[in-house]
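One structure is given here, and the rest of the page talks about it.
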Amino acid sequence: MWGKGLIEGMRVTWKHFWGKKETVYYPEEKLPMTERFRGGHLVLDEKKCIGCKLCAMGCPNAAIEVTVEVDENKKRHPVKYVHDLGRCLYCDLCIEACPSKCISWDKNYEAASYFKEDMKYDAVAECRGREKQ
Ligand code: SF4
Ligand code: SF4
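Below is the structure:
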């Protein structure tokens, strides 16, 4: 029938025009990322970290560098935890390897940068900054 496609198209348009909006006004509005989303920076819980470096050892692309200090009670603490986003494959092996479950993703999907140096950041400094706030 002539015009059948047009009518069908109008029906779909009409339905979606009044239905729930699927789009957001990015960047003013942002969608929350799903629970299993891998991306952004690694968030470290410094208090739970035992400085074992298993995350760095498990990383296939050497994207993590952990500097550890041993206190008077022979306990290991991270003093620097550098994650290089430029090298990261977002494979999640570091998170799986961590026995203390003290690293996770911040789910920030806007971590891109024009400069290579900006891709490295210290998760210990970030953790201390969060605690001060
Ligand atoms: S997600 Fe993979 S590549 Fe990235 S830091 Fe962790 S282990 Fe390394
Ligand atoms: S594997 Fe976990 S506990 Fe061990 S150094 Fe890495 S973040 Fe810390």
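For any residue, its number in the working numbering is found by taking its place in the sequence shown, counting from 1, and adding 1281.
We put the beta carbon where it would ideally sit given N, CA and C, even for glycine.
Using the three-state DSSP reduction, which class does residue i fall into: helix, strand or coil?
i       : result
His1297 : helix
Ile1384 : strand
Arg1357 : strand
Lys1285 : helix
Lys1311 : coil
Lys1328 : coil
Lys1397 : helix
Would you kindly report the start and end of the unbroken alpha helix (DSSP H) that includes residue i?
i       : result
Val1405 : Ala1404 to Lys1413
Ile1376 : Leu1374 to Ala1378
Leu1335 : Leu1335 to Gly1339
When you compare each of the options to residue i by their alpha carbons, which one comes out closest?
i       : options                               : result
Arg1319 : Val1405, Pro1380, Ile1376 and Asp1399 : Ile1376
Glu1398 : Leu1366, Lys1413, Leu1287 and Arg1317 : Leu1366
Cys1441 : Asp1387, Met1400, Tyr1395 and Ser1394 : Summary: the structure shown does not reach residue 1441, with the chain confined to residues 1282 through 1414, and so no result is reported for it.
Please list the terminal residues of the continuous beta strand (DSSP E) segment that includes residue i.
i       : result
Ile1420 : Because the chain spans 1282 through 1414 in this model, residue 1420 falls outside it and cannot be assessed.
Leu1325 : Leu1323 to Leu1325
What's the gap between the Cα of residue i and the Cα of residue j?
i       : j       : result
Asn1354 : Tyr1307 : 50 Å
Asp1326 : His1364 : 14 Å
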